[in-house]
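K.L.:
Below are the structure tokens for one structure; questions will follow.
Protein chains: 2
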Amino acid sequence: MLKPGATIGILGGGQLARMLALAGARIGLKSHVYSPVADDPAFDVCSAHTKADFLDEAALAAFAESVDVVTYEFENVPARTAEVLEAHRPVRPNPKILALTQDRLIEKQFVQSLGVATAPFAEALDAESLARAVAQLGRPSILKTRRFGYDGKGQTKIVEGVDLADALKDLGNAPCILEGFVPFAKEVSVVAARGLDGEFRAYDVCENVHEHHILATTTAPAAISDSTAQTAIDIARRIAEGAGYVGVIAAEMFVVRDGRGERLVVNEIAPRVHNSGHWTLDGAVTSQFEQHMRAIAGMPLGSARRHGKQVVMRNLIGADVDKWAEILAQDGACLHLYGKKAARPGRKMGHVTRVTP
Amino acid sequence: MLKPGATIGILGGGQLARMLALAGARIGLKSHVYSPVADDPAFDVCSAHTKADFLDEAALAAFAESVDVVTYEFENVPARTAEVLEAHRPVRPNPKILALTQDRLIEKQFVQSLGVATAPFAEALDAESLARAVAQLGRPSILKTRRFGYDGKGQTKIVEGVDLADALKDLGNAPCILEGFVPFAKEVSVVAARGLDGEFRAYDVCENVHEHHILATTTAPAAISDSTAQTAIDIARRIAEGAGYVGVIAAEMFVVRDGRGERLVVNEIAPRVHNSGHWTLDGAVTSQFEQHMRAIAGMPLGSARRHGKQVVMRNLIGADVDKWAEILAQDGACLHLYGKKAARPGRKMGHVTRVTP
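Protein chains in written order, with the working numbering: chain A, 705 to 1061; chain B, 705 to 1061.
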């Protein structure tokens, strides 16, 4: 177990790294943030920072030597980066999860290997295999690049009339998978933590609404049956245990309602703190950020108990952030801003949480 | 009104400055911390810091020029320091409050001028005036230095048999006041904020227990009658308004119970965030630290609503901090550590908060 005063190395300097560093400071942990981007949001709140490329091996080695454990705020950490860091210090979560979650095909195969349902899928490496996949899964279906997709980027819908070669070209002819359409009633996620000792604690299952492919609101708890909620948490636990995971993990799932009741289909795994867990900063005893820092430091996990009857988190995307003064004046609104300078469209600038007492 | 991205200058680099900087970062404010002490707790969480003496006028001027507003975490800011800073940037709270609160005599006169009760007091500049004061106020009574007292330092009890010249000598023959003994049932405090626009918001009156003259626990709400609680908040409002105050202020009061019921006697004013307000970090919608940053930035004040039924904060003094691992493992305990290296006896190392749902 690391002691207070230890230094956590964080790869990436965005809002997740910023909130991790702030949460670490609460419990006496220092943060050293590593990012190639000058003026990244996390640089303002850490005890040390390195501005260098993720493939700068000398900088990576010096960074690792200056910290006690390394973690990351994003899943697209290059394999070589993780390898260099691991030669010096423990990297948590274990980088094996990166290989699993960087590739949608491998991720889905892993989830299915645990006996957990995913959307039906098939590989689509070229026009020919895409044609076979469409014949199998039908239209509408969704073509996604295997790697580097987020917030709706790297995907396109295959509806009637779409030319398959054009669709592949739209995605840069990158290796893809085709996912069958899941007629879901709602999307939920489980944000949970697994400690170094295997202890597992999940927050309430929460419900997510997306607008323009970007998370707009998260509401905790989700309006689903108790047994579905318990199943969702069990799935997250199986994923975390199956991957030998340490830290906070998020599992996004679709809730499908049919004659047989509610069932769950895993959509995506994020091996990190997650936007759908931001409500825990104001709405839970221990935030997801502190929970992650505790887990990777080998400390006991904190209580994941929710405050109040309901917690709603709304993202402030792009120009939404201009309403900051109005939000500050609203009774019971908790505003969080990430310190980003330019409010470009689609950019996550902050969020606001409201706890119903 | 300052905008997110603005920089708050904080004089002092201890735990209060640290928690102010962390709270400012939540709402997108940067902090520049000024302290003469290397490795001060706040240096780890701010976007800039200056290590220089409080009387280094060149460093003060450069600091002030680099920020948008200046605040402070302690009331013993030298008058000249405030004067130099004010020539460059607004200093909030207005440094006039420093003159009031740095001197126990002037502070008590100010409180009485508002029609608010204090302990009976008399000046004690030398053995002769102390003898007159003791004749007037009786024994037991408490001799306190007019300036620079905290956590029981700079005071001594005048009981039967105490030699008055020795008592004065114990306090370095500094100018003192003698305070009459107040047979109080409990000590409470009001932590409240006044905005730049005059808006006033108070947290629940809380109850404080001291051990060895240092705050041990704070419990919110205090177990006092509703009307006493309302009176306590009204007193804090009169003090804040009377001083033209902007920011978070704390007023410590004694609750005296006699045949006529409960009455309040103001003991001390702190022109800053206060240890008895630390519970608000986990136990209120807006923490005292964010509230202070909002107020001095000219932003709207946040909700001071309490979470849960009761909130208890316990200070971790000296070796208490060695129990950090045990506390982390306790269900519902929120641990805060200040990042101090040496756990000297009597030193505030952190605190732990428990919210009863």
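For every residue, glycine included, the Cβ atom is placed at its ideal position computed from N, Cα and C.
Source: prediction; values computed, not measured.
Residue range of the alpha helix (DSSP H) that A:F767 falls in?
P.N.:
761–769 is the span of the alpha helix (DSSP H), which, as asked, contains A:F767.
K.L.:
Quick check on this structure: which residue in B:I810, B:E945, B:E883, B:Y854 has the alpha carbon closest to the alpha carbon of B:A835?
P.N.:
Nearest C-alpha to B:A835: B:E883.
K.L.:
With a threshold of 8 angstroms between beta-carbons, can A:W1028 be considered close to chain B, or not?
P.N.:
It does; some Cβ of chain B falls within 8 angstroms.
K.L.:
Leaving aside the five residues before and after B:H917 along the sequence, list all residues of the same chain whose C-beta is less than 6 angstroms from its C-beta, in chain order.
P.N.:
For B:H917, where only same-chain residues beyond five positions count, the Cβ hits under 6 angstroms are D855, G856.
K.L.:
Taking Cβ-Cβ distances shorter than 8 angstroms, what residues in chain B pair up with A:V989?
P.N.:
Residues of chain B passing the Cβ test: D986, G1036, C1038, V1059.
K.L.:
Should B:G713 be flagged as near chain A, meaning a C-beta pair shorter than 8 angstroms?
P.N.:
No, no contact with chain A.
K.L.:
Given this structure, state the Cα-to-Cα distance separating B:P975 from A:I801, to the nearest angstrom.
P.N.:
The alpha-carbon atoms of B:P975 and A:I801 are separated by roughly 50 angstroms.
K.L.:
Just checking: is the beta-carbon of A:V749 within a distance shorter than 8 angstroms of some beta-carbon in chain B?
P.N.:
Yes, A:V749 lies at the interface with chain B (some Cβ there is under 8 angstroms from its Cβ).
K.L.:
For the region 886–900 of chain A, enumerate the residues whose C-beta is nearer than 8 angstroms to any C-beta of chain B, in chain order.
P.N.:
Result list empty, no residue passes.
K.L.:
Do A:S739 and A:K755 count as a contact pair if the criterion is CB distance below 8 angstroms?
P.N.:
Yes, the pair counts as a contact, with Cβ atoms nearer than the cut-off.
K.L.:
Could you check where the alpha helix (DSSP H) with B:L706 kicks off and where it finishes?
P.N.:
No alpha helix (DSSP H) holds B:L706; DSSP gives it neither H nor E.
K.L.:
Give a yes or no on whether 8 angstroms exceeds the smallest Cβ distance from B:H1011 to chain A.
P.N.:
Closer than 8 angstroms to some Cβ of chain A, the Cβ of B:H1011 qualifies, so yes.
K.L.:
Nearest CA to the CA of A:A954: which residue from A:G981, A:G902, A:D938?
P.N.:
For the residues A:G981, A:G902, A:D938, the minimum Cα distance to A:A954 belongs to A:G981.
K.L.:
How would you write the range of the beta strand (DSSP E) that A:H996 sits in, first residue to last?
P.N.:
Taken as a continuous stretch (DSSP letters only), A:H996 belongs to no beta strand (DSSP E), being part of the alpha helix (DSSP H) at 992–1000.
K.L.:
For A:G842, collect the residues of the same chain with a Cβ closer than 8 angstroms to its Cβ; drop the 5 residues on either side in sequence, then sort them by chain order.
P.N.:
Same-chain partners within the cutoff: G884, F885.
K.L.:
Mapping DSSP to helix, strand and coil, what is B:L834?
P.N.:
Correct three-state label for B:L834: helix.
K.L.:
Can you give me the C-alpha to C-alpha distance between B:T822 and B:I846, rounded to a whole angstrom?
P.N.:
B:T822 and B:I846: Cα-Cα distance of roughly 14 angstroms.
K.L.:
Applying the 10 Å Cβ sphere with the 16-neighbour rule, what's the burial state of B:F825?
P.N.:
By the neighbour-count rule (16 or more Cβ atoms within 10 Å), B:F825 is buried.
K.L.:
Alpha carbon to alpha carbon, how far is B:A768 from A:P794?
P.N.:
If I take the Cα positions, the gap works out to 42 angstroms.
K.L.:
Which same chain residues end up closer than 6 angstroms to B:G899 when comparing Cβ atoms and leaving out the 5 residues on each side of it in sequence?
P.N.:
Excluding sequence neighbours, B:G899 sits near A999, L1005.
K.L.:
Given this structure, state the Cα-to-Cα distance separating B:V960 from B:K1027, to the nearest angstrom.
P.N.:
Spanning the two alpha carbons is a distance of roughly 36 angstroms.
K.L.:
So what does DSSP say about A:N780, is it helix, strand or coil?
P.N.:
Reduced to three states, the DSSP call for A:N780 is coil.
K.L.:
Would B:R730 count as contacting chain C if we go by Cβ distances under 8 angstroms?
P.N.:
Judged by its chain identifiers, the structure shown contains no chain C, and its protein chains are A and B.
K.L.:
Is DSSP giving B:G728 helix, strand or coil here?
P.N.:
It is helical.
K.L.:
Return the residue from the list B:A839, B:K890, B:V737 that minimises the CA-CA distance to B:V1079.
P.N.:
Since the first residue of chain B shown is 705 and the last is 1061, residue 1079 of chain B is not available in this structure.
K.L.:
For A:S1007, decide whether its Cβ has a neighbour in chain B, counting only Cβ atoms nearer than 8 angstroms.
P.N.:
Closer than 8 angstroms to some Cβ of chain B, the Cβ of A:S1007 qualifies, so yes.
K.L.:
Smallest Cα separation from B:F993: which of B:G709, B:V1025, B:G728?
P.N.:
For the residues B:G709, B:V1025, B:G728, the minimum Cα distance to B:F993 belongs to B:G728.
K.L.:
Could you tell me which residues DSSP puts in a beta bridge with B:A755?
P.N.:
It should be pointed out that residue 755 of chain B corresponds to Lys in this sequence rather than to Ala. B:K755 pairs with B:S739.
K.L.:
So B:K734 contacts chain A; which residues on that side make the cut at Cβ distance below 8 angstroms?
P.N.:
Those are D748, G1043, listed as they occur along chain A.
K.L.:
Report all residues from its chain with a CB closer than 6 angstroms to the CB of B:A1001; omit the five preceding and five following residues, and keep chain order.
P.N.:
Counting only Cβ-Cβ distances below 6 angstroms, and skipping sequence neighbours, we find L706.
K.L.:
Specify, as a first and last residue, the run of the beta strand (DSSP E) that A:R851 falls within.
P.N.:
First-last for A:R851: undefined, no H or E at that position.
K.L.:
If we define contact as Cβ-Cβ less than 8 angstroms, is B:A1023 a contact residue for chain A?
P.N.:
Judged by the 8 angstroms Cβ criterion, B:A1023 is not in contact with chain A.
K.L.:
Please name the residue, chosen from A:A878, A:A742, A:A763, A:E891, that lies closest to A:L968 on a Cα-to-Cα basis.
P.N.:
That would be A:E891, whose Cα lies nearest to the Cα of A:L968.
K.L.:
In chain order, what are the residue ranges of uninterrupted beta strand (DSSP E) at least 3 long that sit wholly in the region 933–1005 of chain B?
P.N.:
Qualifying beta strand (DSSP E) stretches, in chain order: 951–962, 965–974.
K.L.:
Taking the alpha carbon of B:V913 as the point to measure from, which residue in B:V773, B:R1009, B:M957 has its own alpha carbon closest?
P.N.:
For the residues B:V773, B:R1009, B:M957, the minimum Cα distance to B:V913 belongs to B:M957.
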